[in-house]
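Undergrad: Read in UniProt numbering, the sequence shown has 59 at position 59, and its numbers run on one by one without any break.
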Amino acid sequence: MTVFAPEVVDAVLAHMNGDHTDDNVLIVRAFAGRSPESATMTALDHRGGTWRYTVDGVESELHLPWSHELSERPELRREIVALYDAACVQLGVTPRPHA
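As structure tokens, then:
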């Protein structure tokens, strides 16, 4: 089992919640089938990521597994980008280019 260091988890969560708030909402829309007012990535580990979201004032949680168990930090970005891309396909949204 791989445990990502707390500073790695904190950095990824800060990035997602600071720079990709719309992506969080898009991922929840696609995979929870809800239209959240807000969505925040709250946790991640080697098995998946967790988002907390609010619909009509009610908070819920969505956990999504990665495509495989992760062992290295660069895999986190690839898996989150893959979720974003899959969400775009499911919702018929044109994804933005990835740098």
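Glycine included, each C-beta is placed from N, C-alpha and C at the ideal position.
At a cut of 8 Å, does the region 25-37 reach the region 45-65 through at least three beta carbon pairs?
TA: These segments touch.
Undergrad: Select from Ile27, Glu79, Leu62, Thr94 the residue whose C-alpha is nearest the C-alpha of His68.
TA: Taking the sequence shown and counting its residues from 1, the one referred to as residue 68 is at position 68. Comparing Cα positions, the closest option is Glu79.
Undergrad: In the DSSP output, which residue or residues are listed as bridge partners for residue 107?
TA: Look at the range of the chain in this structure, 1 to 99, and you will see that residue 107 is not part of it.
Undergrad: Please list, in chain order, all residues of the same chain as Val12 whose beta carbon is under 7 Å from its beta carbon, the five residues on each side excluded.
TA: Here residue 12 refers to the residue found at position 12 of the sequence shown. Excluding residues within five positions, the ones whose Cβ falls inside 7 Å are Leu44, Leu76.
Undergrad: Under a Cβ-count criterion, where at least 16 other Cβ atoms within 10 Å of its own Cβ denotes burial, should Pro65 be classed as buried or exposed?
TA: The residue you call residue 65 lines up with position 65 of the sequence shown. It is exposed - the Cβ of Pro65 has fewer than 16 other Cβ atoms within 10 Å.
Undergrad: Hey, would you say His98 sits closer than 7 Å to Val81, going by beta carbons?
TA: For this step, residue 98 is matched to residue 98 along the sequence shown. For this step, residue 81 is matched to residue 81 along the sequence shown. Closer than 7 Å, so yes.
Undergrad: Which class does Pro65 belong to by DSSP, given the choice of helix, strand or coil?
TA: Position 65 of the sequence shown, counted from the start, is the residue given in the question as residue 65. Strand.
Undergrad: Please name the residue or residues paired with Ala39 in a DSSP beta bridge.
TA: By one-based count along the sequence shown, residue 39 stands at place 39. DSSP lists Tyr53 as partners of Ala39.
Undergrad: Going by C-alpha to C-alpha distance, which of Arg73, Glu7, Ala39, Leu91 sits closest to Arg47?
TA: Working through the sequence shown from its first residue, we reach residue 47 at position 47. For Arg47, the nearest C-alpha among the options comes from Arg73.
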